[in-house]
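J.: To convert, take the position in the sequence shown, counting from 1, and add 1; that gives the numbering used here. Think of the CB as a built atom: it goes at the ideal place given N, C-alpha and C, for glycine as much as any other residue. Remember, predicted model here, so these are calculated numbers, not experimental data.
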Amino acid sequence: DDLDSSDSGEFPAEAGGIALDALTGPKEEVAQIRKHWRKERKQRMPNQRGEQKQSRSGTTAAQAVPGSLPQGPVIPRPCEYRPPPETPSGQTMVRDYSKWKHFDADAALLELDNEGTTDEGTAVRCVAGRGSAMLNCENYTKDREEYGLDQEIEEQVGSLKKNIAQRLKDAANLKSEGNTLMRAGRYQDACRLYLRGLDVMELVQEAAVLMTDGMTAKQGRVVADLHRNLAAAQLQLRDFPAALASAEAAMAATTGAALEEGEEDDKARYRRATALIGLGRIDEAREDANRLAARRGEQDEAVRRLRSQMLGSLD
């Protein structure tokens with residue numbers, strides 16, 4: 002009767018991973034093992050019951066807390082199903098691409114550019130500069146050709162500015178090289194460089210109507226310098242007709258080069274008078290000499306040289 006049945010549930014059927022019912026061995030030893038586990042189970046039972054009571058009381062307290070708080074309105078938030086976007090069919094993609102392919106961007110831009118305009122325009126502006134004038138009609142409706150021309154001009158303006166700047170630089174370098182040859186007595190070679198410089202400046206002179214007054218004056222000074230130095234080289238070669246033409250071209254370029262009031266090109270006038278003396282046109286040369294004397298005085302070296310040359314030609 003000291004042995005407890007394994008079916009009574011008073012001690013675990015297994016302990017430490019050993020099946021107690023399967024224990025074999027001396028009867029006394031098996032009885033002691035089972036007796037030990039029976040005492041172990043009795044010791045554990047009060048602790049387990051206390052933990053269960055504490056667990057039940059904690060659950061009751063936790064359930065009572067939400068009930069003591071005020072209850073707000075319950076707002077249902079249904080779940081809305083949104084199907085994935087449909088993949089466009091092949092025909093739709095072809096149709097959309099065809100519309101984009103044939104879209105006239107220039108026509109759309111022209112329509113935007115003509116918004117708020119009229120056929121006659123709303124204003125006329127006149128801009129006048131030295132040697133040029135520009136009349137500009139504002140806010141008038143443009144046609145396709147005018148719009149295309151405006152776009153082309155806008156694209157070309159940047160490259161034109163660079164081209165003009167480079168040509169001014171090249172012409173100035175040619176003038177400097179020609180001056181070096183003049184000092185060395187190589188008058189024919191100097192003439193060729195001055196003429197090359199004038200060829201380079203031809204496009205710049207044609208674009209003068211698009212320039213500011215300052216840029217127009219600058220290109221006029223470069224052209225006048227080239228003509229003036231060319232006249233000096235031609236005089237050294239005794240090519241008086243060419244020297245006369247070059248001196249007059251220098252005076253014409255100087256007139257358009259934004260001179261100060263009362264300023265004249267005395268060098269070009271002196272060289273023109275020298276060329277006229279060489280051609281035997283003394284009366285015309287005397288007019289230039291008198292003009293120089295009025296500005297610089299009779300004691301000026303250039304005036305005295307001209308007077309001497311005219312007396313020598315009369316002899």
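Kindly list the residues whose CB is nearer than 7 angstroms to the CB of D171, restricted to its own chain and excluding five residues on each side of it in sequence; keep chain order.
T.: Reading the sequence shown from its first residue, position 170 is the one you call residue 171. These residues qualify, in order along the chain: V201.
J.: Thinking C-alpha only, which one of E112, D114, Q310 and E207 is nearest R272?
T.: For the purposes of this step, residue 272 is identified with residue 271 of the sequence shown, where counting begins at 1. Residue Q310 is the option with its Cα nearest to R272.
J.: Does the Cβ of S314 have 16 or more other Cβ atoms within 10 Å, making it buried, or fewer, making it exposed?
T.: For the purposes of this step, residue 314 is identified with residue 313 of the sequence shown, where counting begins at 1. Classification for S314: exposed.
J.: Under the rule that 16 or more other beta-carbon atoms within 10 Å means buried, what is R78, buried or exposed?
T.: Counting from one through the sequence shown, the residue named residue 78 turns up at place 77. Result: exposed.
J.: How many whole angstroms separate the CB atoms of N230 and Y195, which I take to be in contact at a CB cut-off of 8 angstroms?
T.: Looking up residue 230 in the sequence shown gives position 229. Looking up residue 195 in the sequence shown gives position 194. That belief holds up - the Cβ atoms of N230 and Y195 are roughly 6 angstroms apart, short of 8 angstroms.
J.: Quick one: give me the first and last residue of the alpha helix (DSSP H) that T217 is part of.
T.: For this step, residue 217 is matched to residue 216 along the sequence shown. First-last of the alpha helix (DSSP H) with T217: D214 to Q237.
J.: At the level of alpha carbons, what is the spacing between A232 and A303?
T.: Counting from 1 along the sequence shown, the entry for residue 232 is found at position 231. Counting from 1 along the sequence shown, the entry for residue 303 is found at position 302. Their Cα atoms are separated by approximately 16 angstroms.
J.: Could you pull the start and end residues of the alpha helix (DSSP H) that T142 belongs to?
T.: For the purposes of this step, residue 142 is identified with residue 141 of the sequence shown, where counting begins at 1. Per DSSP, T142 belongs to no alpha helix (DSSP H) and is neither H nor E.
J.: Distance, Cα to Cα, A32 vs R39?
T.: Start at 1 with the first residue of the sequence shown, and residue 32 comes out as number 31. Start at 1 with the first residue of the sequence shown, and residue 39 comes out as number 38. So the alpha carbons of these two residues sit roughly 11 angstroms apart.
J.: To the nearest angstrom, report how far apart L182 and A124 are at their CA atoms.
T.: Counting from one through the sequence shown, the residue named residue 182 turns up at place 181. Counting from one through the sequence shown, the residue named residue 124 turns up at place 123. The alpha-carbon atoms of L182 and A124 are separated by roughly 55 angstroms.
J.: Using the Cα positions of I278 and A218, report the straight-line distance between them to the nearest angstrom.
T.: Within the sequence shown, the letter at position 277 stands for residue 278. Within the sequence shown, the letter at position 217 stands for residue 218. About 31 angstroms.
J.: So the candidates are K102, D190 and T142; which of them puts its Cα closest to the Cα of T119?
T.: Counting from 1 along the sequence shown, the entry for residue 119 is found at position 118. Measuring from the Cα of T119, the nearest candidate turns out to be T142.
J.: For Q44, I'd like the list of residues in its chain whose CB is within less than 8 angstroms of its CB, leaving aside the five on either flank, ordered along the chain.
T.: Reading the sequence shown from its first residue, position 43 is the one you call residue 44. Contacts found: none.
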